[in-house]
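What follows is one structure encoded as structure tokens, with my remarks underneath.
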Amino acid sequence: MTDRNKAGSSKAPLVLRDGLSRRDFLKLTGGLTAAAAVGSAPAAAQAGVQTRARIVVLGGGAAGLTVAARLRDLLDGARITVVEPSETHHYQPGWTLVAAGTYSVSDVTARNEHYIPRGVDWKKDYVAAVDPESQVVETAGGDRLDYDFLVVATGIHLDYEAIEGLERADIGQNGLTSIYAGPEQARHAYEQTQRLGEQGGVARFNIPNTPIKCAGAPIKATLIAEDLLRKAGQRDRVEFHYHAPEGALFSVERFDGMVRDIYGERGVGIESGSVLQGVEPELRRATFVDGDGNRETVDYDYLHVVPPMRAHDWVREAGLAVEDGSLAEGGWLAVDDQTLQHARYPNVFGAGDVVDTAIGKTASTVRAHGSVTPDNLVSVLQDREPQQRFDGYTSCPLITEVGKAALVEFDYTLEEVPTFGFIDQGQPSWMWWRLKVHMIKPLYYNMLRGRYLR
Ligand SMILES: Cc1cc2nc3c(=O)[nH]c(=O)nc-3n(C[C@H](O)[C@H](O)[C@H](O)COP(=O)(O)OP(=O)(O)OC[C@H]3O[C@@H](n4cnc5c(N)ncnc54)[C@H](O)[C@@H]3O)c2cc1C
Numbered sequence: 271m272t273d274r275n276k277a278g279s280s281k282a283p284l285v286l287r288d289g290l291s292r293r294d295f296l297k298l299t300g301g302l303t304a305a306a307a308v309g310s311a312p313a314a315a316q317a318g319v320q321t322r323a324r325i326v327v328l329g330g331g332a333a334g335l336t337v338a339a340r341l342r343d344l345l346d347g348a349r350i351t352v353v354e355p356s357e358t359h360h361y362q363p364g365w366t367l368v369a370a371g372t373y374s375v376s377d378v379t380a381r382n383e384h385y386i387p388r389g390v391d392w393k394k395d396y397v398a399a400v401d402p403e404s405q406v407v408e409t410a411g412g413d414r415l416d417y418d419f420l421v422v423a424t425g426i427h428l429d430y431e432a433i434e435g436l437e438r439a440d441i442g443q444n445g446l447t448s449i450y451a452g453p454e455q456a457r458h459a460y461e462q463t464q465r466l467g468e469q470g471g472v473a474r475f476n477i478p479n480t481p482i483k484c485a486g487a488p489i490k491a492t493l494i495a496e497d498l499l500r501k502a503g504q505r506d507r508v509e510f511h512y513h514a515p516e517g518a519l520f521s522v523e524r525f526d527g528m529v530r531d532i533y534g535e536r537g538v539g540i541e542s543g544s545v546l547q548g549v550e551p552e553l554r555r556a557t558f559v560d561g562d563g564n565r566e567t568v569d570y571d572y573l574h575v576v577p578p579m580r581a582h583d584w585v586r587e588a589g590l591a592v593e594d595g596s597l598a599e600g601g602w603l604a605v606d607d608q609t610l611q612h613a614r615y616p617n618v619f620g621a622g623d624v625v626d627t628a629i630g631k632t633a634s635t636v637r638a639h640g641s642v643t644p645d646n647l648v649s650v651l652q653d654r655e656p657q658q659r660f661d662g663y664t665s666c667p668l669i670t671e672v673g674k675a676a677l678v679e680f681d682y683t684l685e686e687v688p689t690f691g692f693i694d695q696g697q698p699s700w701m702w703w704r705l706k707v708h709m710i711k712p713l714y715y716n717m718l719r720g721r722y723l724r
């Protein structure tokens, strides 16, 4: 890991405004592991539940690997298979730090072979179809996997192509960038920001009108770019615009206000009721639409795209998607929002971004899903009712500049649920930045092994 910006180096203040010293910080972060353990799901018992059940986990990203690891620990004799096509594991929460120039691409890239739990089969393929009535998964390669229990953890489809004129391959050229597209593209965002500073121009950022993973990331992308230019003495050469649908910029009222204040102080114009509809990459023009359907086409030199997001098509085709309400259009997996058990098929569970909750699409949420989903599956396997309840836990360090972040944690009530109640986590501080840069990644990789679950 590289920390090229040297946040919290010897030049950082020794005592924070809130009176917390470096020594306190070290105690605090040193205690994080303990805090994580305190809030942890109970460790699996020595002797697991005896079973011959066939369990198929679809997707081997953050949620799929975590659930598979926990199931392996809870059960004895189960045949667990993870269906995951990719050899590479992406630490996506680190992509904002790649865009900040703090992490390199290799800092956020790992090999799945190191995280597929021992004793679990890895089917290196895509799921193509599921028949929940006959309990069969079909893979793109033509294999059939029979299951007794199914866990759906295939994450989110980034729908770049839903934006007229845009193809995913356009990202990384002509001033078009998107940290959501992958680590290389996040690296491109960093380089493109440097170029913008040298040449000057208009920078535009958007947030779509669908649920998205890490709803703080579009804000982070904006504030990181603004900060890099400010610190390089190039800020006055660039106009900043943030295009957002009507309504709040962030679902928690306090942080919505905080972001608006910071945007105001730093000259980021908020274009409210403005949804990205189309792009002409060669001409560097973008079209936005308002709530009444009025279209406006504007120029840009730099466009950071956050695409509409939804579940992968096969979820709907399998009859597993939510059918009513505001989330139906996205084809998200229909689950009970507390037990994460499927709304219609009791032997099917969900975990991670794919489930039909509007919030809770973060890796931190997976710390909670990683115990709720497997523990409830094991209850059902034992003919008991699901016991565990997911409370909507959602969290991310909201980076406000390179070197500072607020530690945002909330649940279904949209009220804050701070881990460190004795300090104001919502106050941007170098502490939460250091937590983000140095501590969250090891926690994440431990989570993939079924440790430090919430
Ligand atoms: C830019 C960015 C910044 C973020 N910042 C934060 C942050 O600061 N804090 C935080 O907590 N979270 C953050 N997140 C969100 C976090 O990364 C996700 O919420 C988390 O990865 C969700 O885990 P998942 O397993 O549901 O999805 P993923 O980790 O995306 O995994 C889904 C897996 O399913 C596989 N898959 C897809 N289709 C198929 C198929 N047909 N068959 C089989 N497998 C398939 C994929 O290959 C992938 O491995 C960020 C995400 C991004 C993109």
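Residue numbers (my numbering): 271 to 724.
We put the beta carbon where it would ideally sit given N, CA and C, even for glycine.
CA-to-CA distance, residue j to residue i, given in whole angstroms
| i | j | result |
| --- | --- | --- |
| Gly-329 | Asp-391 | 13 angstroms |
| Asp-583 | Gly-601 | 7 angstroms |
| Val-368 | Val-672 | 11 angstroms |
| Thr-632 | Ala-333 | 10 angstroms |
| Asn-479 | His-639 | 25 angstroms |
| Pro-698 | Arg-507 | 26 angstroms |
| Thr-683 | Gln-608 | 13 angstroms |
| Val-353 | Arg-324 | 13 angstroms |
| Gly-445 | Glu-550 | 11 angstroms |
| Gly-691 | Glu-541 | 35 angstroms |
| Arg-721 | Leu-420 | 22 angstroms |
| Val-642 | Thr-635 | 11 angstroms |
| Trp-702 | Val-678 | 10 angstroms |
| Asp-562 | Val-472 | 26 angstroms |
| Tyr-570 | Ala-485 | 23 angstroms |
Reduced DSSP category for residue i - H, G, I as helix; E, B as strand; rest coil
| i | result |
| --- | --- |
| Trp-703 | helix |
| Ile-693 | coil |
| Trp-602 | coil |
| Thr-635 | helix |
| Tyr-572 | strand |
| Arg-465 | helix |
| Gly-411 | coil |
| Gln-611 | strand |
| Val-308 | Since pLDDT at Val-308 reaches only 43, below the 50 mark, its modelled position is unreliable, and the value read off the structure follows with that caveat. Val-308 falls in the helix class under three-state DSSP. |
| Val-625 | strand |
| Leu-446 | strand |
| Gln-455 | helix |
| Glu-434 | strand |
| Gly-537 | coil |
| Val-687 | coil |
| Ala-277 | Interpretation of Ala-277 is limited by its pLDDT of 29, a score under 50 that renders its predicted location unreliable; the figure taken from the coordinates is listed afterwards. In the structure shown, Ala-277 sits in coil (DSSP, three-state: anything other than H, G, I, E or B). |
Strand pairing of residue i, partner residues [DSSP]
| i | result |
| --- | --- |
| Phe-558 | Leu-546, Glu-566 |
| Thr-379 | His-360 |
| Asp-620 | Sequence inspection shows Gly at residue 620; the Asp mentioned does not correspond to that position. Gly-620 pairs with Val-422. |
| Glu-655 | None, per the DSSP bridge assignment. |
| Asn-479 | Paired residues: none, contrary to the question. |
| Arg-507 | Answer by DSSP bridge pairing: none, since Arg-507 is not bridged. |
| Thr-579 | Here residue 579 turns out to be Met, not Thr, going by the sequence shown. DSSP, once it has assigned bridges, lists Leu-428 as partnering Met-579. |
| Val-529 | None; Val-529 has no bridge partner. |
| Ile-350 | Ile-325 |
| Ala-226 | With the chain represented from 271 up to 724, any question about residue 226 goes unanswered, as that position is not in the structure. |
| Gln-320 | Asp-346 |
Host beta strand (DSSP E) of residue i (start-end)
| i | result |
| --- | --- |
| Pro-667 | 664 to 671 |
| Asp-401 | 397 to 401 |
| Phe-520 | Element bounds for Phe-520: n/a, residue is neither H nor E. |
| Asp-391 | 391 to 393 |
| Leu-328 | 324 to 328 |
| Leu-723 | Where Leu-723 is concerned, there is no enclosing beta strand (DSSP E), given that its DSSP letter is neither H nor E. |
| Leu-677 | 674 to 680 |
Where the alpha helix (DSSP H) containing residue i begins and where it ends
| i | result |
| --- | --- |
| Asp-497 | 487 to 501 |
| Arg-340 | 332 to 344 |
| Tyr-715 | 710 to 718 |
| Val-368 | 365 to 369 |
Residue nearest to residue i in terms of C-alpha spacing, selected from the options
| i | options | result |
| --- | --- | --- |
| Ile-629 | Val-618, Asp-661, Pro-616 | Asp-661 |
| Glu-516 | Glu-535, Asp-526, Val-545 | Val-545 |
| Val-422 | Glu-403, Ala-591, Phe-525 | Ala-591 |
| Thr-336 | Thr-372, Tyr-373, Val-375, Arg-388 | Arg-388 |
| Thr-492 | Leu-668, Leu-705, Arg-724, Thr-567 | Leu-668 |
| Asn-476 | His-427, Phe-558, Cys-484 | Phe-558 |
| Ser-649 | Ala-339, Phe-619, Lys-674 | Phe-619 |
| Lys-490 | Leu-553, Gln-469, Tyr-450 | Tyr-450 |
| Asn-617 | Tyr-512, Leu-344, Val-406, Tyr-430 | Val-406 |
| Pro-402 | Met-709, Ser-641, Val-326, Lys-711 | Val-326 |
| Gln-320 | Leu-651, Val-538, Gly-412 | Leu-651 |
| Ser-376 | Met-528, Gln-547, Tyr-361, Ala-588 | Tyr-361 |
| Leu-573 | Lys-711, Thr-689, Val-522, Gln-443 | Gln-443 |
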